[in-house]
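One structure below.
There are 2 protein chains.
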Amino acid sequence: MDIATLRKEHPEHWNKAAAIRVLTLDAVAAANSGHSGMPMGMADVATVLFEKHLKFDPKNPLWPDRDRFILSAGHGSMLVYSLLHLTGYEQVTLEQLKNFRQSGALTAGHPENFLLDGVETTTGPLGQGIANSVGFAMAEELQRAQFGKKVVDHYTYVIAGDGCLMEGVSQEAIGIAGRHELSKLIVFWDNNNITIDGTVDLSDRTDQVMRFKASGWHVQEIDGHDPIAIDAAITAAKKSGKPSMIACETHIALGSSAQDTSKGHGALTDATLIANTRTAYGWEHGPFDIPADIKSQWEAMGEKGAAAFAEWQERFASLSGNKQNEFNRAYALEAPKKISAAVKALKKKVSEEQPKVATRKSSELALEVLNPLMWETVGGSADLTGSNNTKTADLGVFSPEDRKGRYVYWGIREHGMASAMNGMALHGGMRPYGGTFMCFTDYARPAMRLAALSKIPTVFVMTHDSIGLGEDGPTHQPVEHLAISRATPNTYVFRPADTVETAEAWEVAFTSKSTPSVLALSRQGLPTVRTEHKNKNMTALGGYVLKDAVAKRQVILMATGSEVSVALEAQELLEAEGIGTRVVSMPCMELFEAQDEAYRKRVLPGGPVRVAIEAGVQMGWDKWLTGERGKANKAGFVGMEGFGASAPAEELFVKYGITAENTVAKVKALLGL
Amino acid sequence: MDIATLRKEHPEHWNKAAAIRVLTLDAVAAANSGHSGMPMGMADVATVLFEKHLKFDPKNPLWPDRDRFILSAGHGSMLVYSLLHLTGYEQVTLEQLKNFRQSGALTAGHPENFLLDGVETTTGPLGQGIANSVGFAMAEELQRAQFGKKVVDHYTYVIAGDGCLMEGVSQEAIGIAGRHELSKLIVFWDNNNITIDGTVDLSDRTDQVMRFKASGWHVQEIDGHDPIAIDAAITAAKKSGKPSMIACETHIALGSSAQDTSKGHGALTDATLIANTRTAYGWEHGPFDIPADIKSQWEAMGEKGAAAFAEWQERFASLSGNKQNEFNRAYALEAPKKISAAVKALKKKVSEEQPKVATRKSSELALEVLNPLMWETVGGSADLTGSNNTKTADLGVFSPEDRKGRYVYWGIREHGMASAMNGMALHGGMRPYGGTFMCFTDYARPAMRLAALSKIPTVFVMTHDSIGLGEDGPTHQPVEHLAISRATPNTYVFRPADTVETAEAWEVAFTSKSTPSVLALSRQGLPTVRTEHKNKNMTALGGYVLKDAVAKRQVILMATGSEVSVALEAQELLEAEGIGTRVVSMPCMELFEAQDEAYRKRVLPGGPVRVAIEAGVQMGWDKWLTGERGKANKAGFVGMEGFGASAPAEELFVKYGITAENTVAKVKALLGL
């Protein structure tokens, strides 16, 4: 449908949609950067969605039962900023639009959920939004099953571009959504046939309709500028009983001289082009000037939400007090108080019984205690359930037949899993965790980074955390992955040494409000090193003295995970020779760094030789070996210098010298003995 | 087709295929680990492929015109080891099979290309093989166009499992192959309906046939145990004119009590199970005992290749001497000698003209010089051609219409691009490079790690390498990605400061034989810092004194990329105050580390205060600040402590204190001034 027809046949709609288009042009021009074409192309879809379908209340933007609107094509951020401004979200003032992409503005280059209510997830890295949305839709199903349709009953709407659909993670998302018949997930594909490099067919000729159908989706094809068709398609999608994809044929940068071109994808800042586009729109108002009548039509859409919200509040109030409390507690990311006592009891039992188990099994023991206390946890694995030990007895299995099932068989889709988990957590009221092999952190990286950036406390259960996995060989043996996760800001990287530390790590992970956790867990059995029970969560300190020197302290050994017992063994050998040795367990460097300097100095005083032991690369350790405060310490590292090899695990530890004997030799060399 | 029918109707075929099956059972039992079910399920397909179709010569395993056989489902490694042993590849002795997965054996848990000829690529991380294969097939097309069908005319065969097809990267690969009509790529899908967690439909109900068709593939469905059907399908696939997927319905762990179960996926080591399976096979020979008649039938398949190879040699000899030399040179990964002079000339020109350009532009300048000298380079970008500056004038564009085109529009598929580039390089005779934003290293990580592990000199062109990209904000601003790549063994991470260093980095990257390179390049313009021409490739030293102290040396500033000019500015300010300051440019830490200690000490002598400046996280720098040799130096770091923000770049550098002024302040504080 061309502009002339739109203006003639749907003048009110046209003006509302034009408001998005000109605000986009104006903000991008003011910023002298950004992406004009996508909001200009998808304004009609967005307008119809917000006017006719989306359940939202700008005055209560975090209303748990709101529909979620996810802009997977995050570069088109002016679309969502325009919508939030026009419908009356307080944060998004006209001033914010004028400061688009400027220092300190809430209107960042790409939408950031932690800056703005109404932005449900941080997008920009393509494919993430559509993959997040699967988690949003699963969370809705889970909570609807748990709390009933009267308090949980909403849709997840997504706008995705060609980029989102070309990214592999979209296939993982499509597959999961199709398998689980997520019928309240509705994806608009901005089918504009343009990417940055040219027309889509330069790089792709996939029949997207057929592709989505192959995974069990309901699919419609419409003119993405025709408001009647858009409305009808959304209505049909809602009734389809399947996840639904609406292919919206649109013109990128509609009405400008850059329409239907790659140029239109980027920043349209040329004054003449903008002026001519305004003319084509019949828009006679100045930059950032939205006439009151148009603005008030937009605000009316927002105001409708107030009544719906009030009705919802009444329905919510009819829930039992306990249900209300549990719902609110989970949405506030407050863990139940009783988990603390439960973790202490587990720790006490373990420190007495001192089992030798793999920390992946320890993790299962902790989850067996925690999952029954927290309805909001959702477990899963990327097809390694028996290896990741992520499934506990009480969870049930999520499926169309059991929407209360809290365990997800994600399939061989680490990336999709991680991204959907982020979506679940962002939806609110859920604490997702999911497992794969530590080495496949690589596959999940884009989502793990976004968890950290977006301040989402997702938990990544990464088992088989070193050469300790043995025969599967270097393709499966992480060596750099601890460093990779530690290099990422706002990420807790736990590598617990035994069941006690593992339980403590889970307690921190499940009480974190804005930091994701990576749990690096062993495949192989490890002895209990925390044999003296302490109520205090020592892992929450990041690092602590596990066993102090008896003889005069000359050495500090630092270690994590499976190498803590190596350190203890080395300590015994050194003490036997009269070399006083302290062992520091360092299950989480980030939390250790967060302690005050006095504590850190007590644990790691200057003077003694320091040796760190970890079956990974050295990077990340130098700071604790010699670097902190620029203080001198003779220091050494026992770990990996390159990739591993395929062989039984015990042989590999000897091959790479990650042994007590080699640690002793290194210490002695540093002491000049 | 069941075993009884197979044995009755195809007894010779059955025995050959059974040899694979029992070798698998025996090797897994001996190792007490591994994956039995997949080789047992796909033995019939492999037998027919090797007997009737695959062009190979075990005596000349690196024959450039051999067909490539890629086991994407790498956990089934005993399939390829059995095939290599049976057909007479010298490396794969019976002893190697008996030592499957043991220390020092060539028969690693997952197939490793750098251990064994006949293993074309390292697989295990799922989806990689099928994505690599796209690169193999593209390389074949490119070389066939370049050298003619008489010397380049071969197929790429892949065995992929459900895991490969669920991984998102497979969708990227399928899309690229379909777009480019890679008709010599034939994928067997091991359709056994089993994953580790259970039946496939637990996690996926995608109609794979429809999915592949949606991307333009030719698809067939067959009984994967029926030798006649297998043969016919391969023949039809070859004639299809499209990339071809053959869905092979198979029984995992065929004939064992674990058939068609998840248990069958893993290691079948139970003696009774193995004995009963042998009985079901009618196999009366002992462990690792392959009767001479069966072995000789297998060897005959290999021997056929000798004649084909000899004929090929004759045809190759008919090429012009120059063509032969160029072909052999590229396959030997020898860069033409003249590139050295060309790089020197560019450096000389630049050091005289001293342009201020972004290093992504510098990279284009270098490529404009190098690409015309090296027919084997293949450029590309994941839909950021104009931003990555990867396309030079002479390349042409790869497509079905122009198979000589050496530039690939990969689409928005960083992972698929990286993995296909690995495949191109592994094919032999190609030097692929490809670009995306540095931040999207995350998407390409699994393939980048495999490049490092597999010793493939792929070049990853990562532009927009810091907060210097400005307004696109933290989703697009790498802060941890230099650390991530540096943490990865066997990876050169270049962050050049100007056009001179960028040209030098390209020279190293394009002469590397077994190490991949990451080029971290700026979006923003940078001044020329190498203003004095040197013939010597200083970047190849990793780090070097760019500008020494004038006053008595009290300070060493180290920096990379865009921060080298910050260091020079700080140096000027410090020297003006009489504080002697050396500036060390450190474009590649890995190459600096590879220098001898004497050189490193000359560049970084003990004593002076050291400050490193880099617009990324500190991790990776501690070693050079204080860590190397455990030597004391007062040290500081000027860089990022968390994620960036959306704002103009210059403002961000000030916001995060990555300035000459802040560097001076840090230095003075360290000096106690």
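Those protein sequences? They're chains A and B, same order as listed.
1 is the number of the first residue of the first sequence in full-length UniProt numbering; add one for each residue after it.
1 is the number of the first residue of the second sequence in full-length UniProt numbering; add one for each residue after it.
Ideal placement from N, C-alpha and C gives every residue a C-beta, glycine not left out.
For GLY224/A, no chain B residue has a C-beta closer than 9 Å to its own C-beta; the minimum C-beta separation is roughly 20 Å. Contact of VAL350/B with chain A by beta-carbon distance below 9 Å is absent, the smallest such distance being about 28 Å. Contact between the segment 111 to 128 of chain B and the segment 73 to 86 of chain B is established, with three or more Cβ pairs separated by less than 8 Å.
Taken in chain order, the complete beta strand (DSSP E) segments of 3 residues or longer contained in the segment 477 to 563 of chain A are 492 to 494, 517 to 521, 544 to 547 and 553 to 559.
Judged by beta-carbon spacing, ASP472/A lies beyond the 8 Å limit of ILE196/B, meaning their Cβ atoms are not closer than that value.
Annotation: LEU521/A to PRO496/A spans about 7 Å, alpha carbon to alpha carbon. Check the Cα spacing between LEU25/A and each of LYS323/A, GLY286/A, SER562/A and HIS464/A: the tightest is with GLY286/A.
In the three-state reduction of the DSSP assignment, SER340/A falls in the helix class.
In this structure, the CA atom of ASN388/A is about 37 Å from the CA atom of TRP624/B.
Using a Cβ-Cβ cut-off of 8 Å, GLY129/B does not count as an interface residue toward chain A, since no Cβ of chain A sits closer than that to its own. Bounds of any alpha helix (DSSP H) do not take in GLU471/B, whose DSSP letter is neither H nor E. Across the structure, ALA425/A and ASN191/A are spaced so that their CA atoms are roughly 29 Å apart. Non-local beta-carbon contacts of LEU670/B in its own chain, meaning distances under 6 Å to residues more than five positions away in sequence, involve VAL609, LYS634 and GLY636 in chain order.
GLY580/B has ARG553/B as its beta-bridge partners, per DSSP.
With a cut-off of 8 Å on Cβ pairs, the segment 227 to 235 of chain A is in contact with the segment 35 to 52 of chain A, counting three or more such pairs. Pairing ALA645/A with SER381/B, the inter-Cα distance amounts to about 33 Å. Contact annotation, GLY178/A with THR206/B: C-beta distance approximately 7 Å; criterion of less than 8 Å satisfied. Contact with chain B is absent for LYS668/A, since none of that chain's Cβ atoms lies less than 8 Å from the residue's Cβ. Its Cα nearest to that of ARG523/B, the residue CYS439/B stands out among PRO587/B, ASP270/B, PHE212/B and CYS439/B.
In the structure shown, LEU673/B adopts coil according to DSSP, grouped into three states.
For PHE288/B, the three-state secondary structure derived from DSSP is coil. With respect to ALA540/B, GLU501/B sits apart: the two C-beta atoms are not nearer than 8 Å. In this structure, SER562/A sits near ALA615/A, with a CB-CB distance shorter than 8 Å. No residue range can be given for GLU51/B, since it is assigned to no beta strand (DSSP E) and is classified by DSSP as neither H nor E.
By the beta-carbon neighbour count (other beta carbons within 10 angstroms, threshold 16), SER256/A is buried. The straight-line gap separating the alpha-carbon atoms of VAL134/B and ALA444/B is approximately 16 Å.
Look at GLN324/A here: in three-state DSSP terms it is helix. The three-state secondary structure of ASP223/B, taken from DSSP, is strand.
In the DSSP assignment, CYS164/B falls outside any beta strand (DSSP E) and lies within the alpha helix (DSSP H) extending over 162 to 166.
Per DSSP, the beta-bridge partners of CYS248/B are ASP190/B and ILE222/B. In the structure shown, ARG179/A adopts helical secondary structure according to DSSP, grouped into three states. The residues GLY41, MET42, ASP190, ASN191, ASN192, GLY224 and HIS225, in chain order, have a CB closer than 7 Å to that of THR250/A in the same chain once the five nearest residues on each side in sequence are set aside. For SER419/A, the uninterrupted alpha helix (DSSP H) segment begins and ends at 414 to 427. DSSP places GLY129/B in the uninterrupted alpha helix (DSSP H) bounded by 128 to 147.
Straight-line spacing of the CA atoms in LEU333/B and SER340/B works out to 15 Å. With 16 or more other CB atoms across the displayed protein chains lying within 10 angstroms of its CB, GLY118/A is buried.
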